[in-house]
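The next block holds one structure in the form of structure tokens; read it before the comments.
Numbering (the numbering used here), first residue to last: 917 to 1264.
In structure tokens form, the structure reads like this:
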């Protein structure tokens, strides 16, 4: 090889080596920046990423937060909170790992979550209803009690077909529809149209139990009620059937395009909508969607509201510490803001 060719080869090798060094250095610096939250995520990141961004540079300063992996579960109403709020805690405090646990038998829900808590299958549970006296009595037989800590406010919204022409319902009329006393919309101020009534089964969870307890006054569902597996399926049916009606957690109903949510009142003529006025019509959805009437939920002007609870074992052990710390985290101003973004009403 000539001296000239040898020099050229050495020169090219040096250039390649320098390039590899700078490429590695650039990759390392970018990766370091991503891990420390100083580089924006690419477009198309999920809402969860945007919601948790404010916590990335914070330290884990949640008081009395134990280390370890903790099973939790319960209410299906809590799904948006598990997705958008709990993920922020996971990013902030990775040493506190939450593992959502399905029930071994039956459907997930507030009741099954409390049952699993009593059976020591969960560290704490999430519920859309209060603890029943018999549940607390059973827990005490096992050496502990159950404490409910309210962390958010939810409303029950009524879904009907877009073409139904009715100004609203009273709670008494709603009860009569679900106990089979009212079977035609004409009896509630609408047109001559049979009512097709949908509900999830009473074993499905806290929303149904709350509805039976607080709207039906513990009366049984009428023979006219058709039971449905999920809210998604029920909304699809109500959208297709002119006389259909269904109830669910307000964040699951109010923003939907294919149905409309009805105003409710404690007395006739004093109806309060679960959505912010003016109502967004079907023609403008999904570019615009109806938003929750959070002011009416918080004030109690809307007729059917409830609290969401963290259910904690009072046993003086790590499970109690984990449940209390988790509830306290949800009650911080930052978490309350995330709860509101998830579609619920902040409690403080």
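The C-beta atom is built at its ideal place from N, Cα and C for all residues, glycine as well.
Option nearest residue i by Cα separation, candidates the options
i	options	result
residue 978	1158, 1044 and 1012	1012
residue 1153	1207, 1077 and 1090	1077
residue 1000	1262, 1263, 1264 and 1251	1251
residue 1151	1137, 1103 and 1167	1167
residue 1107	1080, 1116 and 1087	1080
residue 1255	1092, 1229 and 1224	1224
residue 1165	1229, 992 and 1062	992
residue 1031	1002, 1061 and 1007	1061
residue 1084	1052, 1008, 1183 and 1059	1183
residue 1241	1044, 1253 and 1067	1067
residue 1148	1132, 1116 and 1140	1116
residue 1259	1020, 1046, 1237 and 994	994
residue 975	1237, 1005, 1015 and 983	1005
residue 1176	983, 1021, 1082 and 1015	1082
residue 1286	1003, 1111 and 1046	Residue 1286 lies beyond the residue range present for the chain, which begins at 917 and ends at 1264; the question has no answer from this structure.
C-alpha distance - residue i paired with residue j, whole-angstrom precision
i	j	result
residue 1122	residue 1129	10 Å
residue 1200	residue 1075	18 Å
residue 1209	residue 1191	5 Å
residue 1161	residue 1196	19 Å
residue 1039	residue 1054	17 Å
residue 1126	residue 1113	17 Å
residue 1097	residue 1143	18 Å
residue 1246	residue 997	10 Å
residue 1198	residue 1207	14 Å
residue 1092	residue 1220	16 Å
residue 1215	residue 1263	11 Å
residue 1231	residue 1048	18 Å
residue 1124	residue 1025	10 Å
residue 1235	residue 1228	8 Å
residue 1244	residue 981	10 Å
residue 1009	residue 1237	15 Å
residue 1248	residue 1014	18 Å
residue 1253	residue 1139	42 Å
residue 1019	residue 1185	44 Å
residue 1111	residue 1044	27 Å
residue 1239	residue 1065	9 Å
residue 1100	residue 1132	18 Å
residue 1145	residue 1003	27 Å
residue 1233	residue 1056	15 Å
Beta-carbon spacing of residue i, residue j below 8 Å
i	j	result
residue 988	residue 1017	yes
residue 1163	residue 1072	yes
residue 1042	residue 1226	yes
residue 1104	residue 1118	no
residue 1173	residue 1202	yes
residue 1158	residue 1205	no
residue 1155	residue 1188	no
residue 1050	residue 1095	no
residue 1087	residue 1178	no
residue 1023	residue 1120	yes
residue 1063	residue 1034	no
Per-residue DSSP class, three states only, for residue i
i	result
residue 984	strand
residue 1277	The structure shown has nothing for residue 1277, since the chain only spans 917 to 1264.
residue 1048	coil
residue 1127	helix
residue 1244	helix
residue 1027	helix
residue 1229	strand
residue 1112	strand
residue 1014	strand
residue 1263	coil
residue 1106	coil
residue 1041	strand
residue 1021	coil
residue 1257	helix
residue 1311	Outside the modelled stretch of the chain, which goes from 917 to 1264, sits residue 1311, for which no answer is possible.
residue 954	Reliability of the predicted coordinates at residue 954 is poor, the pLDDT of 31 falling under 50, and the value obtained from them is presented with this limitation in mind. It is coil, neither helix nor strand.
residue 1122	helix
residue 940	Here the model assigns residue 940 a pLDDT of 44, short of 50, so the residue's position is not dependable, and the following value carries that caveat. Correct three-state label for residue 940: helix.
Could you pull out every unbroken beta strand (DSSP E) segment of at least 3 residues lying fully inside the segment 1131-1219, listed in chain order? 1141-1143 and 1160-1165
What are the uninterrupted segments assigned as alpha helix (DSSP H) that are 4 or more residues long and contained completely in the segment 1049-1104, given in chain order? 1049-1057 and 1087-1094
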